[in-house]
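For what it's worth, our numbering labels the leading residue of the sequence shown as 880, then goes sequentially. Glycine included, C-beta positions come from ideal geometry on N, C-alpha and C. Keep in mind the model is a prediction, meaning the values are calculated, not measured. Below is one structure; the comments refer to it alone.
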Amino acid sequence: MFLPQLSTTSRCRTVGRLSRLAYRSYTRPSIAPKPTVDIRHIRNAPGLYEQNCIARNYKQQSKNSWRILELHDKLQLQQRHSRNLRERNNFLRRQLANPATRQDPALLEQAKQLKTELADIDAQDKQINDEIEELALALPNLSSLDTPEGDVPSVKEYINEHPDRTPSPSDRVWRNHVHVGSELDMLDFTASATTSGWGWYFLKNEAALLEQALIQYALSTAMKRGWKVVSPPSIVYSHIAHACGFQPRDQNDEQQIYALTQPEKDKNKPSLCLAGTAEIPFAGMKANTVIEEADLPLKIIGASRCYRAEAGARGIDTKGLYRVHEFTKVEMFAWTMPDNVGDDHFSEPTPSSSESLFDEMVSIQKEILQNLGLHCRVLEMPTTELGASATRKIDIEAFFPSRREKDEGWGEVTSASICTDYQTRRLATRVKTEKFGRKHEWPHTVNGTALAVPRVLAAIMEAGWEESSKSMLIPEVLRPFMGGLERIERASRISIQ
């Protein structure tokens, strides 16, 4: 029986979006969807793509658009030369079809030379087209006009009141989810270090129940707005992850994702990896598919286990639930009609279905976090913080008392992104539009975290802890999923030892 193994070289590396070393040495398997990048737009606006790369810190790719333009000009010259040769070849074929000249040695030699020249030109054309495609695929998506340039996010709004602006010096010590988990016998990092190493954990007793409660609450909140529930696989083809903007190696050329080592008999089959987010299998659901316009927007949500190596974690992030290798996350994903169907990229921005779905996702995120009683801030993320696929990204950070010494207590708990047609072009996902005679267009994709269990659980534990009574208050919206339990106390249940 085939048991996939984690690659030994992939342990403790950062999982992330398409890196600045994107597409280097990547070979797309034959079964992978064929990408269709808008090369024409890149050629028409090389300066725009150069500035976009610089603003997003993709300096290595900043000259790609100019190189594409140069290669296109070279290709045009070759194709003109090729047409001349083909005209000459057709003339020779007519002469060789004539009984009076078909045996002429000079004509036969010319035909042989032309055949060789044309084959060489075809090979060169393919090489140039392959390089153009590789350069284009390595470019990140164009940034939205709403995205701040630089590396500083802009605060859009706050959710709920700040719990305590003037805490006591001991606040960060006892109002720490690791401390809370120890006091209430809800977390076990010692056992997980023995079984799995750093970055894994056991949720025990009410923590395990809270995980399920959080999942059910997030799903029910989205379902009320028409989102359909899907349970995705956790193992995906590497080329599907790649097409979504996730790259095996980061900007430091370090392994990012957990690759699966396949048995010798399957070594020629496409490689597999553990999904870092349900966004990847969700996007892949419609690969090589034509969606009917009437079916859009298509909104799905699902809970899945996610696997991230998370390299480079330091200090406070190495303790507790904030940065872990495996966790449960509820993810939203949607396909929408493209913006400005029939218009070009330079059209003035107008309200679009992808923007509407994006706003809906953020609204769901805010509703969930507000009802959980967490103090949060909503951030418009800057260009340097966008993944390769995103044109716009909003993060929501919750306040963690234990993180006061790091980022003033703020820590990311949700994220939402508009990816326009970046993923659908790479996954060959089309939509048949009613406009322009049912022409096929590229739908847009939007994704967002409804709830990442470990971080939200940690924030709830810290916000609800009362040191004096050694108890933790359960948010009211979770109590129906907890059998009506309002507070967790050390004497309130039989613990798992």
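Residues sharing a beta bridge with residue i, DSSP
i     : result
F1278 : W1289
F1206 : C1185
K1272 : S1296
W1214 : L1177, T1324
L1352 : R1366
C1152 : V1115, A1138
K1107 : I1179
C1200 : Residue 1200 is actually Leu in this sequence, not Cys. DSSP, once it has assigned bridges, lists no residue as partnering L1200.
H1319 : K1311
L1082 : L1066
C-beta contact flag for residue i and residue j at 8 Å
i     : j     : result
K1208 : T1328 : yes
V1292 : I1273 : no
M1449 : L1151 : Because residue 1449 is not part of the residues shown, which for the chain are 880 to 1376, the question remains open.
V1115 : I1179 : no
R1319 : D1300 : Reading off the sequence, residue 1319 comes out as His, not Arg. No, Cβ-Cβ distance for H1319 and D1300 is not below 8 Å.
E1341 : F1279 : yes
A1188 : A1277 : no
L986  : N968  : no
S1033 : E1234 : no
F1237 : V1325 : yes
A1162 : F1212 : yes
A1157 : S1183 : yes
L1066 : A1092 : no
N1020 : T1270 : yes
S1347 : N1055 : no
W1079 : H1204 : yes
I1297 : S961  : no
M1243 : A1101 : According to the sequence shown, residue 1243 is Ile rather than Met. Cβ distance < 8 Å, so I1243 and A1101 count as in contact.
V1031 : P1261 : yes
P912  : A1307 : yes
L1251 : P1354 : yes
I1007 : L954  : yes
A861  : I1247 : The requested residue 861 is not part of the displayed model; the chain covers only 880 to 1376.
L1336 : E1090 : yes
Q957  : Q1003 : yes
G1105 : F1125 : no
P1176 : S1232 : yes
R1334 : G1290 : yes
Enclosing beta strand (DSSP E) for residue i [first to last residue]
i     : result
V1257 : 1255-1259
I1038 : 1033-1038
V874  : Since the first residue of the chain shown is 880 and the last is 1376, residue 874 is not available in this structure.
I1114 : 1114-1116
R1309 : 1308-1311
Beta-carbon separation (whole angstroms), residue i vs residue j, contact threshold 8 Å
i     : j     : result
I947  : A1015 : 6 Å
R935  : L1253 : Contact doesn't hold; Cβ gap of about 30 Å is too wide.
C1255 : I1094 : Actually they do not touch by this definition, with Cβ atoms about 19 Å apart.
L1018 : C932  : 7 Å
V1310 : M1216 : 7 Å
G1181 : V1241 : About 19 Å; that fails the 8 Å criterion.
V1059 : M1351 : 6 Å
L997  : R972  : The Cβ separation is near 12 Å, so there is no contact.
K1285 : V1057 : K1285 to V1057, Cβ: 14 Å. No contact.
E1062 : R1369 : 7 Å
Proximity test, residue i beta-carbon vs the ligand GTP heavy atom, cut-off 7 Å
i     : result
S1183 : In the structure on display, the ligand GTP does not appear, and there are no ligands present to speak of.
Start-to-end residues for the alpha helix (DSSP H) that takes in residue i
i     : result
Y1096 : 1085-1102
H920  : 918-923
G1343 : 1332-1343
A990  : 984-1016
S1071 : 1068-1074
F1161 : 1158-1163
K1245 : 1232-1250
Cβ contact check for the segment 1011-1028 and the segment 946-961: 3 or more pairs under 8 Å: yes
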